[in-house]
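Undergrad:
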Amino acid sequence: MKPREIEGVLAASPIAYVPWGALEWHSAHAPIGLDSTKAEGICVALAQRTGGVVLPAIPLAANTIKPYKGFPHSIDISQGLITSLAEEVCSQLADEGFRLVILFTGHYPPEQIDALQAGATRAQAKCEGTVFQVCADNHFLEGGDFTADHAGAYETSYQMHFQKGSVDVSRLPDRELSLDEDGITGVDPRKASEAQGAKQLEVLLKNALPQIRAWAKQG
């Protein structure tokens, strides 16, 4: 965005969405940046309805599958660094004039949520007039016939929806899939579809938008 465009957003709807993802193994069929793609796509959809800006996704995460199960092609970041970065980003956005800052993470182990929340809390203590919130896509599943997972049908459907052609389920072995062998939880990703991703997004928007609009009134 150009400066004049940013200034227009600040005047009309001073909301900043910060998509937070990961560089993490999502089995053989999906990109390692899935969490970032998911978070950014969701934030864009939200901003189209609430106004505001969407920052580029930050692909840094704590408690990835690498130390948990040893899968490669993953970068695991300490909680302390995530917290410090979240605090800095929040503080800088408040200084820019945003009155609601949403850290929206597509990677949602408790360690990641806690690290982001700690950073937002630190920023809140020193930035009057701005509200900071942390949330994840799995916070807004009510009413959907699906559950959150890791590299399963839920996440894979989002990847298909937001980045068409980026998933190749033929790369998966012809057997039952598992967390230990494949890094997959939840429903088999071979059951994923673009249509399912669109349906998931529809449910998320229905659940998230009232909450975000309530937060915006606090700022």
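Quick note: the sequence shown uses our numbering, first residue 25, plus one each step. Beta carbons: idealized from backbone N, C-alpha and C, even for Gly. This one's a predicted model, so the numbers in the text were calculated from it and none came from an experiment.
Please confirm whether residue 35 has its beta-carbon closer than 8 Å to some beta-carbon of chain D.
TA: No chain D is part of this structure, which consists of one protein chain only.
Undergrad: What residue range does the alpha helix (DSSP H) around residue 191 cover?
TA: Working through the sequence shown from its first residue, we reach residue 191 at position 167. Unbroken run through residue 191: none, as it is neither H nor E.
Undergrad: Could you say which of 90, 105 and 107 lies nearest to residue 99 if we only look at CA atoms?
TA: The residue given as residue 99 occupies position 75 in the sequence shown. Of the listed residues, the one whose Cα sits closest to residue 99 is 90.
Undergrad: Does residue 43 pass the burial test, meaning 16 or more other C-beta atoms within 10 Å, or should it be called exposed?
TA: On the sequence shown, residue 43 is found 19 positions in, with the first residue counted as 1. Looking at its Cβ environment, which holds 16 or more other Cβ atoms inside 10 Å, residue 43 is buried.
Undergrad: Quick check on the DSSP output: the alpha helix (DSSP H) that includes residue 244 runs from which residue to which?
TA: Because residue 244 is not part of the residues shown, which for the chain are 25 to 243, the question remains open.
Undergrad: Roughly how many whole angstroms lie between the Cα atoms of residue 197 and residue 239?
TA: Counted from its first residue, the sequence shown places residue 197 at position 173. Counted from its first residue, the sequence shown places residue 239 at position 215. Cα to Cα, the separation comes out at about 45 Å.
Undergrad: Taking C-alpha atoms, which residue in 66, 30 and 125 lies nearest to residue 241?
TA: To locate residue 241, count along the sequence shown from 1; it is residue 217. When each option's Cα is compared against that of residue 241, the closest is 125.
Undergrad: Please name the residue or residues paired with residue 114 in a DSSP beta bridge.
TA: Counted from its first residue, the sequence shown places residue 114 at position 90. DSSP, once it has assigned bridges, lists no residue as partnering residue 114.
Undergrad: Where residue 53 and residue 189 are concerned, what is the direct C-alpha to C-alpha distance, given to the nearest angstrom?
TA: If you number the sequence shown from 1, residue 53 lands on position 29. If you number the sequence shown from 1, residue 189 lands on position 165. Taking the straight line from one Cα to the other gives about 11 Å.
Undergrad: Around the Cβ of residue 221, are there at least 16 other Cβ atoms within 10 angstroms (buried) or fewer (exposed)?
TA: Working through the sequence shown from its first residue, we reach residue 221 at position 197. Buried.
Undergrad: Which residue from 95, 61 and 28 puts its Cα closest to that of residue 49?
TA: As a working note, residue 49 is residue 25 in the sequence shown. With distances taken between Cα atoms, residue 49 lies closest to 95.
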